[in-house]
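The structure under discussion appears below in the form of structure tokens.
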Amino acid sequence: MTIRNLDKLFAPQSVAVIGASERPARVGTVLLKNLIDGGFAGPIWPVNPKYRLLGGLPCFPTISALPAAPDLAVVSVPPEAVPQVIAELGAKGCKAAVVLTAGLGNNKTPDGRSLAQAMLDAARPHLLRVLGPNCVGQLIPGIKLNASFAHTSAEPGRLAFVSQSGALCTMVLDWARERGIGFSHFISLGDSADVDFGDVLDYLANDANTRAILLYIESVKHARKFISAARAAARTKPIVAVKSGRNARAAQAAASHTGALAGGDDVYTAALRRAGIVRVDGVEELFDAVETLAHMRKLPGERLAIITNGGGPGVMAVDKLIAYGGRLADLSPETLAALDAALPATWSHGNPVDVIGDAPAERYTAALDIVLADPNVDAVLAMYAPTAIVPPIEPAKAVVAAAAKTDKNLLACWSGGEAVQSARRAFAAANVPSYETPDAAARAFQHMIDYRRNQKNLMEIPAELPEDFIPDHAATRAVITAALSEGRSMLNEIEGKRILAAYGIPTVPTEKAETSQAAMSAARRLGFPVALKILSPDITHKSDVGGVALNLDDLAEVRAAAEGMLARVKRLKPDARIDGFTIQPMVRRARAHELIVGALTDPIFGPAIMFGQGGVGVEVIGDRAIALPPLNMHLANDLIERTKVSRLLSGYRDFPVVDRAELAQLLVRVAQLVSDHAEIKELDINPLYADDQGLVALDARMVVSPSSLHGPDHLAIRPYPTALEETIELRDGSRVLLRPIRPEDEPAHQDFLARVSPEDFRLRFFSPMRRLPHRELARFTQIDYEREMAFIATRPVSGGNGSETLGVVRAITDPDNIRAEFAVLVRSDMKGLGLGDALMRKIIAYCRQRGTAEIIGDILRENQAMRTLAAELGFQTLPVMGSDAIEVRLPLHPKPADGQRAVDGKIS
């Protein structure tokens, strides 16, 4: 990931147009005209040897003839000329280019490289950044830059739009101009050969002129980079995305239920959710969503009340709300009584609150004041259907006045055409989100809920996992290695259950029997009744070929079932290899829920975890949710809650309550399993029985294949780096553990800060001591290990449970990995034991190993202890003019310069 030189791309002071022209219907002609007509204040330098003057501007014959190096070049030349043009621009000193030309990926150079790769190779020695190729260009209205061949311009605004589709860019420009929507940035990524979503998100996250970010996604190339950048940006501003191709990738043949059920689009949804992005279905919904979120207030819950002057529209809104997964608020008895006193006797006496078609503004005011005061209501939707009795603007004014008095979210839906335009203008002026239809209004509230949930997932404190859980990696590796050495991809049921047991997942004792006679012997050992299943690497779903026999009560039934099973399989699947049978005791738990837990490997985002309702009809039921590993207890519980079967797990009628914590732990362990072993491509536990007796996996199916990836490299989200844990001894002989911080450390972190003296707190934070709020503490403990690191010193609590935090050191690295800014704090009663020195050496070693060029920090001049430690560690001291602080720097590696290598085909 890198934002190097993106300032030259998105905020240039000068622009060169390579391939400028005056011939009609040429991209170079439209491009130059757009730049000139847009009013860009800096110099514009056309380059084309055929002209001396273009658009009233001097035209230069070559790039080398330009009067200076342009900040930005916009390139529209034939594909085969692009690599040479980029090389010449780099030599001139240009640092950014927009390449509009298409066809670079399909055409080759004489040495066999694609023209796209040749372009990157030409740019790399000069760190020249490339937007495109095959893009429409970009518009930055704030600086009047229209470096595109779009047919229209963009108005200034505070929304950034980033799209992979050029055709959609022009459509959205038309759509937005008609509605008066403006942009801070309007960026066409094209083929994303260099600058991609991750780079742009990193840049826009820190752009003060951008209020929200809109994405149109066709595909993501670098999953970890994308998610890491999106998670960072989503903490500061809303991100809303349209992902095209929901139905483009049909279910492919798969060796497991999970592979058949969960398509690529499901995984994209999970990835966007994990990144904090709200996903919507179309362009209009995209802008509706961002307008909703831009004016959204804190949403304490998900309960909506509806006030309407028409029963039909109110019912429509409820139908859509429920369809989108929303909740209708239950009005309190006090609220109902107050409404009875304020409204006509014919009002609806419930939610939706129908104030009747002749409702004047005063009736809306009374209903709004009463409903907004109800503690059971988290947000209110006010609706109006035009009547000849009350002008639309009058109740609209009541809504605007109510919105000014409440801290709850208040939405409006004034249905109709010209008659309600004045009301909509009033809502817009008062920043009250308004919608034309009940469907749009209900969907907007769901956007609020999705955003709230996503932000909660970014900031929540996960529950602590048992620290004594240590999976048996050796046993798992042995099973996988044995199968791969035999050329097998499908593990049999016994092998699958052996792996599950290695990760502490309860299974039914299962034995292999090669013959019917052996099956009888196994049944005698295990005890009746038993279940018998066919064992074959070529049969995925055993029940489809009659390969499962249940409730066998004696030896005769086992023999008959085995012989009949062999005959059926031979008839229905004559080419299948038969390795015998598996036999296991019957698990008779009549009130157990049949669940499915699975994993699949997505070609973009890697492993994904599935949970839902299981059993034979799992594909038909289709009740599942997807999440990306690694999981913690909070994320696992969130995965459970997103299924319909989760409502049954709380118990109903004579069905018992299922232990959610135990189920969440199982999901965490499955996620850990596929995170630890990249060879596992698909996994099914179906059915997983769940009831008040606990969990048990009745069947297990796994698909493996060789992998060149190691550690967490196959994951889209970097997991907790266990390898960085280290035990050290302090000067007093005590031992403490240095390890990366985890989200569940937040409570201990709060206690840690409470035991720091006010003076030490001031020296660290440059401000008086205060209790940090949850959001700020969560930011300290919920870190993205891909771009930030914090090590804590911890030890078990004396005479109690859990552990305590003794010190912390943190380094936040810029997206280019050039500079990391550190901060360190030791508990006041732990000073003088060498803990600060140990933490600093730990973070320095980590940054050096990661390839960071330098580590820097600010220290108050009066903080003599920290200044001494920095000097001992080799830091250089630099004064900060007009400040009470000094800056310290420690070079770790030479800073990246010309000739820096490309990583994954990207300039870094």
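For the sequence shown, the residue numbers in the numbering used here are 1166 to 2073.
Even glycine gets a Cβ: it sits at the ideal position worked out from N, Cα and C.
Please determine, among the options, the residue with the shortest C-alpha to C-alpha distance to residue i.
| i | options | result |
| --- | --- | --- |
| residue 1652 | 1729, 1726 and 1871 | 1871 |
| residue 1173 | 1366, 2041 and 1258 | 1258 |
| residue 2075 | 1583, 1599, 1612 and 1544 | Missing from the structure shown is residue 2075; the chain here goes from 1166 to 2073 and no further. |
| residue 1377 | 1995, 1326 and 2055 | 1326 |
| residue 1109 | 1922, 1230, 1267 and 1268 | Absent from the model: residue 1109. The displayed extent of the chain is 1166 to 2073, so no value can be given. |
| residue 1578 | 1503, 1566 and 1475 | 1475 |
| residue 1292 | 1262, 1267, 1244 and 1313 | 1262 |
| residue 1496 | 1540, 1483, 1523 and 1521 | 1540 |
| residue 1286 | 1267, 1251 and 1303 | 1251 |
| residue 1395 | 1433, 1354, 1381 and 1439 | 1439 |
| residue 1982 | 2029, 1239, 1850 and 1951 | 1951 |
| residue 1407 | 1443, 1399, 1397 and 1398 | 1443 |
| residue 1773 | 1817, 1804 and 1753 | 1804 |
| residue 1984 | 1255, 2012 and 1270 | 2012 |
| residue 1768 | 1703, 1847 and 1355 | 1847 |
Within 10 angstroms of its Cβ, does residue i collect 16 or more other Cβ (buried), or is it exposed?
| i | result |
| --- | --- |
| residue 1842 | buried |
| residue 1529 | buried |
| residue 1875 | exposed |
| residue 1737 | exposed |
| residue 1714 | buried |
| residue 1468 | buried |
| residue 1789 | buried |
| residue 1980 | buried |
| residue 2079 | The chain is shown from 1166 up to 2073; residue 2079 falls before or after that span and cannot be answered. |
| residue 1329 | buried |
| residue 1273 | exposed |
For residue i and residue j, I'd like the C-alpha separation in whole angstroms.
| i | j | result |
| --- | --- | --- |
| residue 2038 | residue 1837 | 38 angstroms |
| residue 1954 | residue 1716 | 55 angstroms |
| residue 1960 | residue 1489 | 47 angstroms |
| residue 1680 | residue 1742 | 14 angstroms |
| residue 2024 | residue 1933 | 16 angstroms |
| residue 1829 | residue 1793 | 14 angstroms |
| residue 1422 | residue 1383 | Its pLDDT being 45, under 50, residue 1422 is placed unreliably in this model, and the value from its coordinates should be taken loosely. Cα-Cα distance, rounded: 26 angstroms. |
| residue 1208 | residue 1169 | 23 angstroms |
| residue 1510 | residue 1609 | 32 angstroms |
| residue 1619 | residue 1834 | 23 angstroms |
| residue 2054 | residue 2048 | 17 angstroms |
| residue 1974 | residue 2058 | 21 angstroms |
| residue 1457 | residue 1799 | 27 angstroms |
| residue 1139 | residue 1887 | Beyond the ends of the chain as shown, which are 1166 and 2073, falls residue 1139; an answer cannot be given. |
| residue 1142 | residue 1971 | What is shown of the chain runs 1166 to 2073, which leaves residue 1142 out entirely. |
| residue 1603 | residue 1478 | 6 angstroms |
CB residue i to CB residue j, shorter than 9 angstroms?
| i | j | result |
| --- | --- | --- |
| residue 1580 | residue 1559 | no |
| residue 1711 | residue 1730 | yes |
| residue 1697 | residue 1688 | yes |
| residue 1390 | residue 1357 | no |
| residue 1998 | residue 1929 | no |
| residue 1319 | residue 1347 | yes |
| residue 1758 | residue 1673 | no |
| residue 1388 | residue 1436 | yes |
| residue 1760 | residue 1885 | no |
| residue 1197 | residue 1186 | yes |
| residue 1943 | residue 1908 | yes |
| residue 1448 | residue 1337 | yes |
| residue 1454 | residue 1445 | yes |
| residue 1137 | residue 1747 | The first residue shown for the chain is 1166 and the last is 2073, placing residue 1137 beyond what the model contains. |
| residue 1235 | residue 1312 | no |
| residue 1471 | residue 1546 | yes |
| residue 1367 | residue 1397 | yes |
| residue 1764 | residue 1845 | yes |
Hey, would you say the C-beta of residue i is under 8 angstroms away from at least one heavy atom of the ligand ZN?
| i | result |
| --- | --- |
| residue 1749 | Here there are no bound small molecules, and the ligand ZN is not part of this structure. |
Segments assigned alpha helix (DSSP H), at least 4 residues, entirely inside the stretch 1356-1396: Those alpha helix (DSSP H) runs which fall completely within the stretch 1356-1396 and span 4+ residues are 1362-1370.
Output the residue ranges of the alpha helix (DSSP H) runs that lie fully inside the stretch 1428-1455 and measure 4 residues or longer, sorted by chain position. Inside the stretch 1428-1455, DSSP marks whole alpha helix (DSSP H) runs of 4 or more residues at positions 1429-1439, from first to last along the chain.
Note down, one range per segment and in chain order, each beta strand (DSSP E) of at least 3 residues found wholly within the stretch 1530-1602. If we require 3 residues or more, the beta strand (DSSP E) runs fully inside the stretch 1530-1602 come out as 1544-1549 and 1574-1579.
Runs of 4 residues minimum, wholly inside the stretch 1717-1791: which ones carry the alpha helix (DSSP H) assignment? Within the stretch 1717-1791, the complete alpha helix (DSSP H) runs of at least 4 residues are 1720-1737 and 1783-1786.
Which whole runs of the alpha helix (DSSP H) in the stretch 1602-1670 are 4 residues long or more, in chain order? If you keep only unbroken alpha helix (DSSP H) runs of at least 4 residues inside the stretch 1602-1670, you get 1603-1624, 1638-1650 and 1658-1667.
Quick one: which unbroken beta strand (DSSP E) runs of 3-plus residues sit fully inside the stretch 1177-1233? Chain order, please. Complete beta strand (DSSP E) runs here, min 3: 1180-1183 and 1209-1212.
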